[in-house]
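J.: For the first sequence, the residue numbers in our numbering are 23 to 754. Take this structure first; my questions come after.
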Amino acid sequence: MVYIVQVLVEHPTHALDTAFDYLANEEIMGGVRVAIAFGYQRIIGYVLGCEYSSMTKEELEKIAGFKYRYISEIIDERPLLNQELQELSLTLAKLTLSPRISCLQAMLPPQLKPSTNKSVRIKYQKVIKVINKNIVVNTVKQQEAYQFLKEHADIPLKDFPYSRGLLNKLIEQKAVLVVDEEIYRDPYLDNQKKEHEFPLTPDQQKIVGSIISKINTYHTALIHGVTGSGKTEVYLHLSKYVIKNNKTVLMLVPEISLTPMMVNAFKHKFGKQVAILHSKLSSGERYDEYRRIINEEVKIVVGARSAIFAPLEKIGLIILDEEHDSSYKQETKPRYQTTQIARIRGKYHNCPVILGSATPSLESYSRGQKGVYDLYKLPKRINQFPLPEIELIDMAVEIRNKNYSLFSKAMKEKIQTCLDCGEQVILLLNKRGYATYVRCLDCGEVIKCPHCDVTLTYHKVDHKLRCHYCEHQIEMPKICPHCSGEQLKLVGTGTQKVEEQLETNFKGAKVIRYDVDTTKQKDGHQKLLDQFARKEGNILLGTQMIAKGLDFENVTFVGVLNADISLNIPDFRANERTFQLLEQVSGRSGRGKKEGTVMIQTYNPEHFVLQCVKNHDYLSFYQEEMRTRRLAIYPPYVHLVSILIQGKDETVVDQCALQIKAYLQKQLEDMVILGPANSLVYRMQDIYRKRIMIKFTNSKLLYPVLEKMSDFYNKKGNKVNVVCDFNPYNQI
DNA sequence: AGCACGCCGACT
DNA sequence: GTCGGCGTGCTC
């Protein structure tokens, strides 16, 4: 008589993470969006399932004990996600302890999120399709046009170089047909070039051959290739093989705008068979790329983190380039690790997952060593040059020699030499944030945000102090807010200040500053990098953004102004991050026809991380850092889950945190449970935040306990909110 | 989440 | 008397 439809309502909260039953007069497929009345609201819902019932509405209501409502409107003709991805959305919800609806939102492009009812206009154009290739046509001229159409498949009507009458003749003979076809906004239209293939080196050949021999088996391969060793070529060759066998490729990169080389390499080689997915695309562009994938017009998807959910069918290969990169971890709910999702999809499609990096994460490398992953190495650069020579510069010595400037004597000279030779320089200011804070020289106070436990940072552009965590901003004060002293001093060095100093130190040098500030606008990254590539700048000065995938052959010198900042961050990954950053940025030097050099300024030249960077010695770094992790019991020896307890009332937060700790200790007797401790930024936007950390090796016991705890505390009306983060990266 | 209902204080 | 504060509970 009716269909009972299970609907997930679109509010992404734990309180509503349960299916609501509606009625419909027809069957509705799982994965279709519907409009529903929910309480007093009209909202969008997502259909989970549908079952037929022979009873009437009234009979059903008698059993259920509540009134059913009917679905108001069916929005989609077809399910948004295929079977694989629907199942994956449920797995994702379980793995991350997130509401199912927020998993769906993370998986779909913004235009298709259940909540967004905005429609994106689909554009059409008329194209000529050859429907029969073996017609004998009447005249020579017709034959000519027919031949032309056979050679130019699906040509737009407006580009047809013969007369309309001629075309009509061909249509009459049922040789061709004019149809409306969707046209897509192609974000990389002007980027297409001819394919040029490089022969593989024996090392590359070995890897390609070996992976191809297991191409139809799910397994993970880790490629440890030094910077400039040609991992890209390996990816391209494998991809070509896979699509030749009529399967598809999922290629992930950390952030598209920061790794243009990889994107371009794929676009050049495979042209229209590639779809690009990332957040900087306009909504129309992104939607079109997504539709091209759904319509199976695409063989390869290149994209950032969320592209791991691309609706590709028949996946034959999944690649994660720069696998160590922290952007593969999503830091908002659902807090998933892309590598984990890649493995789930790889298992489903029975295909290899390739992880590539010059500086693999300890987690991955240890699996490579244990044989869980196949470990491959590319130890040499393809341009035959050795890796750049690295010099560590002891800044303590500089100070002893009364050099208080940002630049050591050696670095100043080196930069000057490069400029004189017409070569380019990359400088890294290894500092998160880019501006300075303000200290009063009379009372010593630092100006802080009234809502968060952080200092306000100075922005020169508008002469304002701003908070990093909330939008709070004030005019730069003239006098100290604490003691009314007049000596306010800007402390710390940001890229803006270094830029000024470079311009005074190196007369005539053009500096391109590359940081969050200067790359904000659309295509901001590309504009600046293009400028630098055209040699319109001599020095590229940037934050860690410049460490990734850039490839400028005229760069022969890379300088790191202060290597210590990231070493001193209170995070168990600080050493690993520093090693990765320094090794990656060093790799920007000497990629062309000239050898490159690197200088790293530091106060800890003896530190093992810096010594290993100097010798390009990943293995020693790995061994030493593994020792530390083993002694301190950190990943990869254990897994971590961080539990954030937050709320407006400090005492309630405190009590709940203690309660939770006691509960967990009772339920998880033999696991190490640390905390509760104040979070790194204890107060953020007037919310107090405490953290509990669990170290575990087996998650089976853990999940049901955390689920129960999270459900209990995330009920509406509770004064605290609990967030579980598996494999946490940013402990802010 | 978003909204109503309901129970309290303080104002035309 | 009644306007509005927000604490509590419900939505198929």
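Built from N, CA and C at the ideal position, the CB exists for glycine as well. This one's a predicted model, so the numbers in the text were calculated from it and none came from an experiment.
#1: Tell me the DSSP secondary structure of R357 in three-state form.
#2: Starting from S75, follow its DSSP beta bridges and name the residues at the other end.
#3: Look up G247 in the DSSP assignment and give the residues it is bridged to.
#4: By DSSP's criteria, V152 is part of a beta bridge. Which residues make up the other side?
#5: Tell me whether E109 is buried or exposed, calling it buried when 16 or more other Cβ atoms sit within 10 Å of its Cβ.
#6: For R758, which residues does DSSP report across the bridge?
#7: Below 8 Å, how does it come out for the region 620-628 and the region 410-423: are there three or more Cβ pairs, yes or no?
#8: Can you tell me the Cα-Cα spacing of A364 and A654, whole angstroms?
#9: Taking all protein chains shown into account, decide if N156 is buried (16 or more other Cβ within 10 angstroms of its Cβ) or exposed.
#10: Identify the residues that DSSP records as bridge partners of S379: which are they?
#11: Could you check the C-alpha separation between G252 and I50 for me, to the nearest Å?
#12: Skipping 5 residues on each side, what residues in its chain have a beta carbon closer than 6 Å to that of S701?
#13: With a threshold of 6 Å on Cβ separation, who are the neighbours of H246 within its own chain once the five nearest residues in sequence on each side are excluded?
#14: Spell out a yes or no on whether the region 534-541 and the region 578-598 are touching, meaning 3 or more CB-CB pairs, one atom from each, closer than 8 Å.
#15: Is the region 498-512 touching the region 724-734, taking contact as three or more C-beta pairs under 8 Å?
#16: Taking K321 as the reference, give the member of Y370, N268, Q362 with the closest Cα.
#17: By Cβ distance below 7 Å, which residues in the same chain neighbour L30 in space, the five residues on each side in sequence not counted?
#18: Please look up how many angstroms separate the CB atoms of D475 and R705, rounded, as I've assumed it's under 8 Å.
#19: Mind checking C505: buried by the 16 CB within 10 Å criterion, or exposed?
#20: Within the chosen definition, does the region 427-437 reach the region 512-527 through at least 3 CB pairs nearer than 8 Å?
#21: Could you tell me whether the region 358-373 touches the region 328-345, where touching means 3 or more Cβ pairs closer than 8 Å?
#22: Between the Cα of I316 and those of D464, G293, T270, spot the shortest distance and give me the residue it belongs to.
#23: Return the CA-CA distance between E32 and N597, expressed in angstroms with no decimal places.
#24: Taking V703 as the reference, give the member of G390, M283, Y459, K470 with the closest Cα.
#25: Under the criterion of a Cβ to heavy atom distance below 7 Å, does V285 qualify as lining the ligand PLP?
#26: For a test of the three-state rule: what should DSSP assign to T270, helix, strand or coil?
#27: Could I get the ranges of all uninterrupted beta strand (DSSP E) runs contained in the region 276-352, with 3 residues as the minimum, in chain order?
#28: Sort G697, E672, K670 by Cα distance to I682 and report the nearest one.
#29: Which stretch, first to last residue, makes up the alpha helix (DSSP H) that contains V158?
#30: Thinking A287 and T254 are a contact (beta carbons under 8 Å), I'd like their distance in whole angstroms, please.
#31: What residue range is occupied by the uninterrupted beta strand (DSSP E) comprising A585?
#32: Is it a yes or a no for the region 605-618 touching the region 398-412, going by three-plus beta-carbon pairs under 8 Å?
#33: Report the option in I587, V201, Q689, E617 whose CA atom is closest to the CA atom of F574.
#34: Measuring CA to CA, which of L397, L463, I330, D43 is closest to E277?
T.: Based on what the coordinates show:
#1: Numbered from 1 along the first sequence, position 335 holds the residue referred to as residue 357. If DSSP states are grouped into helix, strand and coil, R357 belongs with coil.
#2: For the purposes of this step, residue 75 is taken as the residue at position 53 of the first sequence. Answer is V24, bridged to S75.
#3: Position 225 of the first sequence holds residue 247. DSSP output for G247 lists L400 as bridge partner(s).
#4: The sequence position of residue 152 within the first sequence is 130, counting from 1. BP columns for V152 point to V198.
#5: As a working note, residue 109 is residue 87 in the first sequence. That one is exposed.
#6: Shown here, the chain extends from 23 to 754; a query on residue 758 therefore has no answer.
#7: yes
#8: Your numbering for residue 364 matches position 342 in the first sequence. Your numbering for residue 654 matches position 632 in the first sequence. For A364 and A654, the distance between alpha carbons rounds to 29 Å.
#9: Indexing the first sequence from 1 puts residue 156 at position 134. It is exposed - the Cβ of N156 has fewer than 16 other Cβ atoms within 10 Å.
#10: For the purposes of this step, residue 379 is taken as the residue at position 357 of the first sequence. S379 pairs with H246.
#11: Working through the first sequence from its first residue, we reach residue 252 at position 230. Working through the first sequence from its first residue, we reach residue 50 at position 28. So the two alpha carbons sit approximately 49 Å from each other.
#12: Against the first sequence, residue 701 aligns to sequence position 679. R711, R713.
#13: Translated into the one-based positions of the first sequence, residue 246 becomes position 224. Closer than 6 Å at the Cβ level, and outside the excluded window around H246, lie P382, K399.
#14: no
#15: no
#16: Here residue 321 refers to the residue found at position 299 when the first sequence is read from its first residue. Residue N268 is the option with its Cα nearest to K321.
#17: Position 8 of the first sequence, counted from the start, is the residue given in the question as residue 30. Answer for L30: A41, G67, Y68, L70, R122, I123, listed in chain order.
#18: Along the first sequence, read from residue 1 onward, the residue named residue 475 stands at position 453. Along the first sequence, read from residue 1 onward, the residue named residue 705 stands at position 683. The Cβ separation is near 5 Å, so the contact holds.
#19: As a first step, residue 505 is located in the first sequence; it is residue number 483 there, counting from the start. Exposed.
#20: yes
#21: yes
#22: What you label residue 316 is simply residue 294 of the first sequence in a count that begins at 1. The candidate whose alpha carbon is nearest that of I316 is T270.
#23: Taking the first sequence and counting its residues from 1, the one referred to as residue 32 is at position 10. Taking the first sequence and counting its residues from 1, the one referred to as residue 597 is at position 575. Rounded to whole angstroms, E32 to N597 spans 42 Å at the Cα level.
#24: For the purposes of this step, residue 703 is identified with residue 681 of the first sequence, where counting begins at 1. Measuring from the Cα of V703, the nearest candidate turns out to be K470.
#25: Ligands in the displayed structure: none, and consequently the ligand PLP is not present.
#26: For the purposes of this step, residue 270 is identified with residue 248 of the first sequence, where counting begins at 1. Strand, per DSSP.
#27: 296-299, 322-325, 337-343
#28: Within the first sequence, residue 682 is the residue found at index 660, counting from 1. Comparing Cα positions, the closest option is G697.
#29: Taking the first residue of the first sequence as position 1, residue 158 is located at position 136. Per DSSP, V158 belongs to no alpha helix (DSSP H) and is neither H nor E.
#30: For this step, residue 287 is matched to residue 265 along the first sequence. For this step, residue 254 is matched to residue 232 along the first sequence. Right, the Cβ-Cβ distance comes to about 5 Å (below 8 Å), so this counts as a contact.
#31: Locating residue 585 in the first sequence gives position 563, where the first residue counts as 1. No beta strand (DSSP E) holds A585; DSSP gives it neither H nor E.
#32: yes
#33: The residue given as residue 574 occupies position 552 in the first sequence. With distances taken between Cα atoms, F574 lies closest to E617.
#34: Locating residue 277 in the first sequence gives position 255, counting from the first residue. Of the listed residues, the one whose Cα sits closest to E277 is I330.
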